[in-house]
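Trainee: Going from the sequence shown to this note's numbering is simple: count from 1 and add 29.
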Amino acid sequence: ALQVRMEEAVRELDTAAGATLPHVLGEAALACLRAVVPHCDDRAAALDLLAADALLTYACEVAAGDAALLNELCAAFAPERLRLEPGAAR
30 ALQVRMEEAV
40 RELDTAAGAT
50 LPHVLGEAAL
60 ACLRAVVPHC
70 DDRAAALDLL
80 AADALLTYAC
90 EVAAGDAALL
100 NELCAAFAPE
110 RLRLEPGAAR
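1) With a threshold of 8 Å, are at least 3 pairs of Cβ atoms found where one atom belongs to the stretch 43-54 and the other to the stretch 64-73?
2) I need the straight-line Cα distance from residue 102 to residue 39, nearest angstrom please.
3) Using only the alpha-carbon positions, how far apart do residue 99 and residue 73 sit?
4) Alpha carbon to alpha carbon, what distance is there between residue 51 and residue 32?
5) Quick one: using the 10 Å Cβ neighbour count with 16 as the cut-off for buried, is residue 95 buried or exposed?
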């Protein structure tokens, strides 16, 4: 079920051309976190939380071999970014 949710999150993205795999995975993680908000007190939210965690972990693993990409990823998905509403200026 976790793998299916992760794949759905990636497929549902409207990714920009040329987006790196770590950024695609990070954006999918954010989409999963946003899906949790309406039902955060429900046990069903656990799957989206786990998917978000796994996707962001995979994003970091992919970027780990490239210091510049890893730094860029960390900046792009810093806690400040997680507080932004969808569509807010970045």
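Ideal Cβ placement from N, Cα and C applies to all residues, glycine included.
Mentor: Let me spell this out:
1) Using a C-beta cut-off of 8 Å, the stretch 43-54 makes no contact with the stretch 64-73, since fewer than three inter-stretch Cβ pairs fall below that distance.
2) Their backbone Cα atoms lie some 17 Å apart in a straight line.
3) Their backbone Cα atoms lie some 31 Å apart in a straight line.
4) Roughly 17 Å between the two C-alpha positions.
5) Residue environment for residue 95: exposed (fewer than 16 other C-beta atoms within 10 angstroms of its C-beta).
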